[in-house]
Every structure is written in structure tokens, then in C-alpha cells.
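In what follows, a structure is listed as C-alpha cells, so that the remarks can point back to it.
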Amino acid sequence: MSPTYPLHLDLEGRRAVVVGGGPVAARRARGLLEAGADVLLVAPQACAEVTELDGSGQISWRRGRFAASDLDGAWLVHTATGVPRTDDAVAAEATSRRVWCVRADDAARSRAWTPAVVRHEDVVVSVTAGGDPKRAAAVRDGVRLGLSSGALPLRRRRPHTGLGRVTLVGGGPGDASLITLAGRRALAEADVVVVDRLAPRDLLAELDADVEVVDVGKAPDHHPVPQREIERVLVDRALHGLRVVRLKGGDGYVFGRGAEELAACRAAGVPCEVVPGITSALAVPAAAGIPVTHRGVARSVTVMTGHESLGGDELLDLAAQTRRGGTLVVLMGASRLAELADGLVAHGADPQLPVAVVESGCTPQQRTTTATLADAAAVAQRRGVKAPAVLVIGAVAAMAHGGSYRPALAVATSPSP
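Counting in numbering that gives the first Met the number 0, the sequence shown runs from 0 upward without gaps.
Next comes the structure, spelled out in C-alpha cells:
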């Protein structure tokens with residue numbers, strides 16, 4: 000095929016003609032409708048899809064054989080009759096009127112081609128491949144994967160007008176590969192990234208050099224950037240027309256204050272969407288070989304924060320849950336392990352109940368410490384356990400393995416040291 004000139008057309012309200020009534024013609028008609036064209040279809044008979052489009056008033060179907068007058072006022076023509084002589088006549092008439100005609104029967108004899116297309120918001124990528132539609136479709140699918148995964152650069156380069164937007168992204172439990180495709184795509188489009196300490200920071204290296212990174216990382220008992228200031232930054236940047244990503248570790252709706260940030264954006268009239276993340280409450284135990292529920296062992300799980308001291312009624316209820324086979328998963332609780340363990344035992348939990356502490360879960364530094372409620376605090380102190388760590392209390396904690404984290408989450412069988 001000779002070199003071609005790629006071009007996207009605005010067909011809104013313009014006449015486009017499809018000659019043919021079969022499934023191929025129906026697909027071409029639908030594509031033209033999606034572009035806003037005024038579609039005239041010409042065919043003596045037509046398939047059910049064409050009949051439906053005509054019956055709903057989306058297209059005009061002229062029942063009969065092709066006539067030259069069918070191209071009056073046309074901007075673009077598709078011919079898909081399956082009859083070479085008819086397609087030749089349509090193409091010849093279109094050429095005489097200097098109207099582009101796409102032939103479905105023979106790409107080599109056509110002078111215009113429909114590409115394989117992928118759309119992502121206002122990004123449209125069209126692919127042709129020397130008249131090989133399957134090859135074009137394969138390349139198109141590769142581009143679609145790159146766009147959907149954030150591997151291709153989606154960020155706008157021209158100055159923004161109007162409102163920007165905020166996307167609250169849960170970055171997953173540690174390893175950068177555990178962020179969702181939607182989260183990675185949001186990062187690829189971001190002008191500003193407001194990032195937490197436990198977010199997958201390796202992904203920041205993939206950002207363009209001019210993307211603003213605002214570090215609001217919080218450590219235990221040290222919050223250099225107050226929550227209200229974080230919310231102010233999100234709103235301020237979005238009001239200046241920028242695309243803002245709030246990147247957190249785990250899931251922003253599991254002890255992550257994501258709902259507060261969403262409310263702040265809505266109060267300011269800023270569009271905001273939520274991209275859920277894989278919560279460390281479930282993923283970190285899994286990476287250590289611990290199922291938080293297990294048939295015949297644990298049939299319920301309670302996720303809680305270890306930031307605050309618990310009252311007697313709360314401890315009584317939690318101890319009762321462990322006796323009924325429930326699992327307790329405690330986030331941000333490493334510093335209160337002794338207090339929590341003593342409180343549970345004092346309110347009726349079994350002192351020999353297994354406990355696992357998983358530090359730096361889903362990272363190369365992951366380490367698992369196993370003990371019982373009776374000696375968990377002493378063992379943790381001896382091992383130098385420190386945050387970030389996830390505590391698992393319940394019979395399933397005995398299933399922990401001592402292997403290091405692997406990106407594929409393979410389960411090791413070596414015992415815990």
C-alpha cells in the first residue's frame with residue numbers, strides 16, 4: 000500500500016452513507032452514529048441490527064439498490080454489499096464526486112480505510128497495518144493495555160482551563176506492583192501527587208519531572224502536615240485546574256481518612272473520584288501465609304486500629320470473638336501490643352492463642368514474628384519489632400510462615416525464626 004495521510008474527521012451532523020445491509024454494514028453504521036453522523040443506509044434487505052437502528056430512528060434506511068443520487072450531500076461513504084460489482088459502482092461514483100469511500104471487501108482497492116480504534120476519555124488512537132486488520136487490532140489492543148495500565152503517558156501538556164479534579168488512590172500494601180491498574184493510570188495523568196509515607200513511593204520515579212510531589216507523610220505520633228492542610232492542598236490545586244492524585248498506602252477508606260478528603264473536595268465543588276486499593280489488613284497476612292478466615296478454624300475477621308486504648312467492654316467483646324473462632328487484625332498497633340495482649344487475656348481470651356506480627360508487609364523487608372498472647376510482647380521486644388506492622392490474633396496466626404515477601408506472593412514453608 001502507498002503511504003497514507005492519517006486524519007480524524009468531525010462528522011457531527013454530516014451525512015454519511017453506508018451501502019449494504021449485513022453485519023459489516025451494521026458495524027460501520029454504529030461507528031458513524033458514535034461520531035454523531037447523519038447516517039443513510041441503502042440496501043434491499045438488511046439484518047436485524049439494521050432493522051433495529053432504523054426502527055429506533057437512529058439511521059435512515061432506504062430500501063432498494065444503490066443509486067448515484069444516494070450520495071447527494073454525502074461527506075463519507077462506506078460500501079459493504081459483498082457484491083464486487085456493486086461496491087465498484089459505489090466507489091466509482093464516490094470518486095467522481097470527490098467523496099472518500101471505504102470499501103469493506105478489498106482494502107487494496109479502497110482509497111480510505113477504517114482503522115482499529117482505542118479511546119480513553121479524549122485520547123483517540125487509530126491504527127492501520129498495511130491492510131491487515133488482525134494485525135492492526137493486535138497493535139490496538141496493545142495500545143489499549145498501555146493506556147489502561149498507565150504505562151503510556153496520558154498527562155495533558157497544554158494549560159488547563161476550568162476545574163481540575165482529585166483522585167483518591169489506594170496504593171496497595173507495599174510493593175508497587177500491587178497498585179490497581181486504575182490507580183496507576185491516575186498517576187500517569189497527574190499534575191500533582193500528594194503522597195503518604197507508606198504509599199508505593201517507587202512509582203514516583205515514573206512521574207514527569209515537572210509533576211509536583213507534595214510529601215505529607217505521617218509517622219507514628221508525628222504528623223508534620225495536619226489533615227486539614229492536606230485537604231486544603233488537594234482543593235487548592237484542583238481549583239487551579241490541575242489533576243491531583245492523593246496517593247496512600249493500602250486502601251484510603253480503611254483507617255485512611257479518605258472519606259474526609261472526599262467530603263472536603265465536594266464541599267469546595269471539586270470533582271473527586273475514589274480508586275480503591277488492596278488493604279494491608281488482608282494482603283499483609285496473606286503475604287505471610289496467614290488466611291484471616293479459614294474453614295474449620297476462623298469464620299469471621301475484625302479489622303481494628305491500634306492507635307487508641309480500648310475500654311473494658313470493647314476488650315470483653317474482642318476476647319469473646321476470639322473464643323468463637325474470630326480473627327483480630329490490628330493496624331498501627333505495634334506500640335500497643337503489650338497493652339492489647341494483656342487486656343484480651345484479662346477479659347477471657349486464651350493466653351495460648353497464636354499471634355503473628357508482620358512488619359513491612361509486601362516489601363523486601365517483610366518479617367514475621369510468631370508468639371502467643373501470653374508472650375507476644377516479650378518476643379516482639381526481643382526481636383525489635385517496629386512499625387509499620389500488622390498484628391494478627393487468632394488460631395490462623397499459627398499458619399504464618401517465615402519466608403520473605405515475593406512479588407508473586409508465593410507461600411514459603413520455612414518455620415518462623
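No residue lacks a Cβ here, since even glycine has one placed at the ideal position from N, Cα and C.
Starting from residue i, trace the beta strand (DSSP E) both ways and give me its first and last residue.
i: glutamate 211; result: 211-214
i: serine 68; result: Segment: none, serine 68 is in no beta strand (DSSP E) and carries neither H nor E.
i: leucine 39; result: 37-42
i: valine 101; result: 99-102
i: serine 308; result: Looking at the DSSP string, serine 308 is not in any beta strand (DSSP E), and its letter there is neither H nor E.
i: leucine 52; result: First-last for leucine 52: 47-54, but that is the alpha helix (DSSP H), not the beta strand (DSSP E).
i: serine 176; result: Here serine 176 belongs to no beta strand (DSSP E), and DSSP marks it neither H nor E.
i: alanine 15; result: 14-18
i: valine 126; result: 122-126
i: threonine 301; result: 299-304
Take residue i and list the residues in its own chain whose beta-carbon comes closer than 6 Å to its own, dropping the five residues that flank it on each side.
i: valine 302; result: Ala280 and Val328
i: glutamate 11; result: Gly35
i: leucine 75; result: Ala15 and Trp99
i: alanine 73; result: Arg14, Val16 and Val98
i: alanine 287; result: Val357, Thr367 and Ala399
i: histidine 293; result: Val395
i: alanine 318; result: Leu343, His346, Gly347 and Ala348
i: glutamate 272; result: Thr166
i: arginine 236; result: Val191 and Val243
Can you give me the C-alpha to C-alpha distance between residue i and residue j, rounded to a whole angstrom?
i: proline 152; j: aspartate 190; result: 12 Å
i: lysine 385; j: arginine 231; result: 32 Å
i: cysteine 100; j: aspartate 86; result: 10 Å
i: alanine 399; j: aspartate 174; result: 19 Å
i: arginine 298; j: arginine 323; result: 9 Å
i: glycine 347; j: threonine 369; result: 21 Å
i: leucine 70; j: aspartate 131; result: 28 Å
i: threonine 50; j: leucine 162; result: 43 Å
i: alanine 262; j: histidine 239; result: 19 Å
i: serine 59; j: threonine 80; result: 17 Å
i: valine 210; j: arginine 118; result: 24 Å
i: threonine 278; j: aspartate 250; result: 5 Å
i: leucine 339; j: glycine 305; result: 8 Å
i: valine 123; j: valine 116; result: 7 Å
i: alanine 285; j: aspartate 121; result: 39 Å
i: alanine 111; j: glutamate 33; result: 19 Å
i: glycine 19; j: leucine 146; result: 34 Å
i: aspartate 316; j: leucine 309; result: 11 Å
i: leucine 40; j: serine 68; result: 13 Å
i: alanine 103; j: glycine 54; result: 25 Å
i: isoleucine 392; j: glutamate 307; result: 17 Å
i: alanine 407; j: leucine 177; result: Annotation note: pLDDT 48 at alanine 407 (below 50); position unreliable, no value reported.
i: aspartate 214; j: proline 199; result: 13 Å
i: proline 114; j: glycine 268; result: 39 Å
Which of helix, strand or coil does DSSP assign to residue i?
i: alanine 407; result: Caution is warranted here: a pLDDT of 48 is assigned to alanine 407, below 50, making its placement in the model unreliable, and the coordinate value is therefore given only provisionally. It is coil, neither helix nor strand.
i: glutamate 205; result: helix
i: leucine 6; result: coil
i: leucine 281; result: helix
i: glutamate 188; result: helix
i: arginine 164; result: strand
i: serine 59; result: strand
i: serine 109; result: coil
i: alanine 337; result: helix
i: alanine 115; result: strand
i: glutamate 327; result: In the sequence on display, residue 327 carries leucine and not glutamate. Strand, per DSSP.
i: serine 413; result: Because serine 413 carries a pLDDT of 36, less than 50, the predicted location of this residue cannot be relied on, and no value is offered for it.
i: leucine 75; result: strand
i: alanine 286; result: helix
i: glycine 171; result: strand
i: alanine 198; result: coil
Would you give the residue range spanned by the alpha helix (DSSP H) that residue i belongs to?
i: serine 148; result: 132-148
i: glycine 311; result: 311-322
i: alanine 24; result: 22-33
i: glutamate 272; result: Per DSSP, glutamate 272 belongs to no alpha helix (DSSP H); it is in the beta strand (DSSP E), 271-274.
i: arginine 84; result: 83-95
Tell me which residues share the same chain as residue i and place their Cβ nearer than 7 Å to its Cβ, disregarding the 5 neighbours each side in the sequence.
i: valine 283; result: Pro172, Val357, Gly360, Cys361 and Val389
i: alanine 185; result: Thr166, Val168, Val244 and Val274
i: arginine 183; result: Ser148 and Gly149
i: proline 5; result: Ser125
i: glycine 255; result: Lys247 and Gly249
i: arginine 382; result: Thr368
Counting only the same chain and skipping the five closest in sequence on each side, list residues whose C-beta sits under 8 Å from that of residue i.
i: glutamine 57; result: Leu32 and Val38
(request) Could you name each continuous beta strand (DSSP E) segment of 3 residues or more that falls completely within the stretch 345-401, going from the start of the chain to the end? (result) 353-358, 366-371 and 388-392
(request) Counting only runs of 4+ residues fully inside the stretch 220-263, write out the alpha helix (DSSP H) ranges in chain order. (result) 226-238
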